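Each residue of the sequence shown is one higher than the one before, counting from 92 in the working numbering. Report on one structure; see the data block that follows.
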Amino acid sequence: MGKKVLLVGNGGREHALAWKIAQSPEVEKVFVAPGNAGTQEWNVPIAATDISGLLAFAKKEGIDLTVVGPEAPLTLGIVDAFVQAGLRVFGPTQAAARLEGSKSFAKEIMVEAAVPTAKSQVFTDPEQAKAYVQELGAPIVLKADGLAAGKGVIVAMDLPTALTAVDELMDGSLGESGKLLLVEEYLEGQEVSLLCLCDGESAVTLVPVQDHKRALDGDEGLNTGGMGTYSPPPFWNSQVEEQALREIIQPTLRTMKDKGMPFQGVLFAGLMLTKEGPKTLEFNVRFGDPETQVIMARLKSDLFKALWACTEGRLGDVQLEWKEETAICIVMAAPGYPAAYKKGIPMALPEALDAGQVIFHAGTSYAEDGQLQSTGGRVLGVTVLGKDLLEARRLGYTLVERIDFPQAHFRKDIGLKGL
Numbered sequence: 092m093g094k095k096v097l098l099v100g101n102g103g104r105e106h107a108l109a110w111k112i113a114q115s116p117e118v119e120k121v122f123v124a125p126g127n128a129g130t131q132e133w134n135v136p137i138a139a140t141d142i143s144g145l146l147a148f149a150k151k152e153g154i155d156l157t158v159v160g161p162e163a164p165l166t167l168g169i170v171d172a173f174v175q176a177g178l179r180v181f182g183p184t185q186a187a188a189r190l191e192g193s194k195s196f197a198k199e200i201m202v203e204a205a206v207p208t209a210k211s212q213v214f215t216d217p218e219q220a221k222a223y224v225q226e227l228g229a230p231i232v233l234k235a236d237g238l239a240a241g242k243g244v245i246v247a248m249d250l251p252t253a254l255t256a257v258d259e260l261m262d263g264s265l266g267e268s269g270k271l272l273l274v275e276e277y278l279e280g281q282e283v284s285l286l287c288l289c290d291g292e293s294a295v296t297l298v299p300v301q302d303h304k305r306a307l308d309g310d311e312g313l314n315t316g317g318m319g320t321y322s323p324p325p326f327w328n329s330q331v332e333e334q335a336l337r338e339i340i341q342p343t344l345r346t347m348k349d350k351g352m353p354f355q356g357v358l359f360a361g362l363m364l365t366k367e368g369p370k371t372l373e374f375n376v377r378f379g380d381p382e383t384q385v386i387m388a389r390l391k392s393d394l395f396k397a398l399w400a401c402t403e404g405r406l407g408d409v410q411l412e413w414k415e416e417t418a419i420c421i422v423m424a425a426p427g428y429p430a431a432y433k434k435g436i437p438m439a440l441p442e443a444l445d446a447g448q449v450i451f452h453a454g455t456s457y458a459e460d461g462q463l464q465s466t467g468g469r470v471l472g473v474t475v476l477g478k479d480l481l482e483a484r485r486l487g488y489t490l491v492e493r494i495d496f497p498q499a500h501f502r503k504d505i506g507l508k509g510l
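And the structure:
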């Protein structure tokens, strides 16, 4: 009997994971809760944060493995609930998910594990935070402590912006997330996302990815959840990877285990490649979005088998194989994103795609008349493989032009840093 897999979430990351897991010869059936238009054939109408609903469904359907996509259900303790019910689940416990749920907690772990990172201080009082900002000077980075959907980080290039940012992040508009403010030094270099599968003790790295966080070309505009990615970045090599594993990933896993919260799932280190070597900007506790789209496009191995091995604590058996090609993902967003944006924009996708091309859905649904429409800020992840970055960019933007999505907002410079 083939395995049944439940994937929790409704974004581009979940479409990419479902697409890859469904390719496993060991998997008979995939369910995505709640999913989007791209995962229509697998969708179950249960919200990602409805833990009791998801648990009841998993029991009723005899789900063999549940894979949690977004951070919100992880920080709410979905893994603990499933484990308590005797169900197999891929992802960190609520305690371990604090690595993403609280930036100040993550910083404490980094310091304890002697992980290279930016120097920082945590504040509850805006006036004290401003005094520290003036002491450190600009550029400077300000981070709301809790989850803020990619909008809780402000990189201020000058002092007036930094001082205004303190008020913006702590004025109550972010709720609990903005009660603590992390102020840290600005690090210079190339930013790289390194995602690792972890089984509580050991880690296997996935291919490195460079994300583009700002809304506009040339890294201008507001921070977003990510406007596009490519892999591999040319400034990454096996020495940097070994250093990141040795100095960042492994010490973090050891420290988490020593504190009684072993980390099983995806540990996602946002790294800055500085002159002194890789330094940690932040930890996330799940597959990245839009990093997952290019990682899945390049993965040759069976993802399901690797995730299963993580839940059994035998990641040592896993060796992942990767395609040599370069992958790029261009995010097509609703006009106005990440500020106020319109929903319900009708779209049409090309009928046929070439090999190595896939359009991952994020904020999409079908209207009652069957028309594909936008429902979110980030709507599509146009993902393409090419023999190198030049070709991947050319093919990617050619495919973007074939998509009928009026007024779509997308960056035209995804991958340029790699050239």
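Where is the CB? At the ideal position from N, CA and C, for every residue including glycine. From a predicted model like this one, the values you see are computed outputs, not experimental measurements.
Residue i: buried (16+ other C-beta within 10 angstroms of its C-beta) or exposed?
i: L288; result: buried
i: F479; result: According to the sequence as given, residue 479 is Asp; it is not Phe. Burial call: exposed.
i: N375; result: buried
i: N127; result: buried
i: L238; result: buried
i: K198; result: buried
i: Q301; result: buried
i: D249; result: exposed
i: K350; result: exposed
i: R189; result: buried
i: P429; result: buried
i: S264; result: exposed
i: Y321; result: buried
i: A176; result: exposed
i: T255; result: exposed
i: L510; result: exposed
i: E382; result: buried
i: Q355; result: buried
Comparing C-alpha positions only, which one of the options sits nearest to residue i?
i: R377; options: G177, A446, S284; result: S284
i: R337; options: M352, S293, P426, K210; result: S293
i: E373; options: P217, I169, P207; result: P207
i: L358; options: G177, T343, T215, V121; result: T343
i: L411; options: C401, T166, V295; result: V295
i: G93; options: A149, S115, G269; result: S115
i: C401; options: F181, I340, M261; result: F181
i: A149; options: A430, V274, L97; result: L97
i: L313; options: L444, A124, A431, V123; result: A431
i: W319; options: R305, F326, W327; result: In the sequence on display, residue 319 carries Gly and not Trp. The shortest C-alpha separation from G319 is found at R305.
i: A124; options: E117, V118, S143; result: S143
i: G506; options: E482, E132, L471, Q498; result: E482
i: T489; options: H500, K396, V473, Q498; result: V473
i: H452; options: L440, K508, E117; result: L440
i: K508; options: F326, D460, T455, Q219; result: F326
i: D290; options: V274, G309, P369, G404; result: G404
i: V367; options: L278, K433, L145, E442; result: Sequence check: residue 367 is Glu here, not Val. Of the candidates L278, K433, L145, E442, the one whose C-alpha sits nearest the C-alpha of E367 is L278.
i: V232; options: D216, T215, L260; result: L260
i: F196; options: T365, C420, T346; result: T346
i: L525; options: K396, A425, A186, P324; result: With the chain covering 92 to 510 only, the question about residue 525 has no answer from this structure.
i: E416; options: Q448, E282, L444; result: Q448
i: P324; options: V491, G102, A187, M363; result: M363
Below 8 Å on the Cβ atoms is my guess for residue i versus residue j; work out the distance and round it to an integer in Å.
i: L390; j: W413; result: 6 Å
i: R502; j: H303; result: 6 Å
i: L463; j: M438; result: 5 Å
i: V99; j: I112; result: With a Cβ gap of about 12 Å, V99 and I112 do not count as contacting.
i: P369; j: I340; result: Not confirmed; about 10 Å, so no contact.
Report the rounded CA-to-CA distance for residue i versus residue j, giving the unit in angstroms.
i: I154; j: R484; result: 39 Å
i: V257; j: Q225; result: 12 Å
i: A163; j: A139; result: 8 Å
i: G192; j: K95; result: 29 Å
i: L406; j: L398; result: 9 Å
i: A418; j: G468; result: 23 Å
i: A147; j: T130; result: 21 Å
i: L227; j: E276; result: 7 Å
i: S329; j: A446; result: 29 Å
i: K270; j: D236; result: 7 Å
i: P299; j: G280; result: 15 Å
i: F496; j: A209; result: 41 Å
i: I137; j: I169; result: 14 Å
i: P353; j: T166; result: 15 Å
i: A205; j: E333; result: 16 Å
i: P161; j: D380; result: 9 Å
i: L307; j: M423; result: 12 Å
i: E267; j: E218; result: 18 Å
i: M387; j: W110; result: 9 Å
i: I450; j: A107; result: 9 Å
i: Q251; j: P426; result: Looking at the sequence shown, residue 251 is not Gln but Pro. Approximately 28 Å, taken between the alpha carbons.
Who pairs with residue i in a beta bridge, going by DSSP?
i: E275; result: S211, V232
i: Q498; result: For Q498, which the question treats as bridged, DSSP gives no partner whatsoever.
i: D258; result: Per DSSP, none; premise fails for D258.
i: D302; result: T320
Would you say residue i touches the ligand MG, meaning its beta carbon is less than 6 Å from a heavy atom?
i: V159; result: In the structure shown, the ligand MG is absent, as is every other ligand, since no ligand is present at all.
Using a Cβ-Cβ distance cut-off of 7 Å, determine whether residue i contacts chain C.
i: T157; result: This model lacks chain C altogether; it includes just one protein chain.
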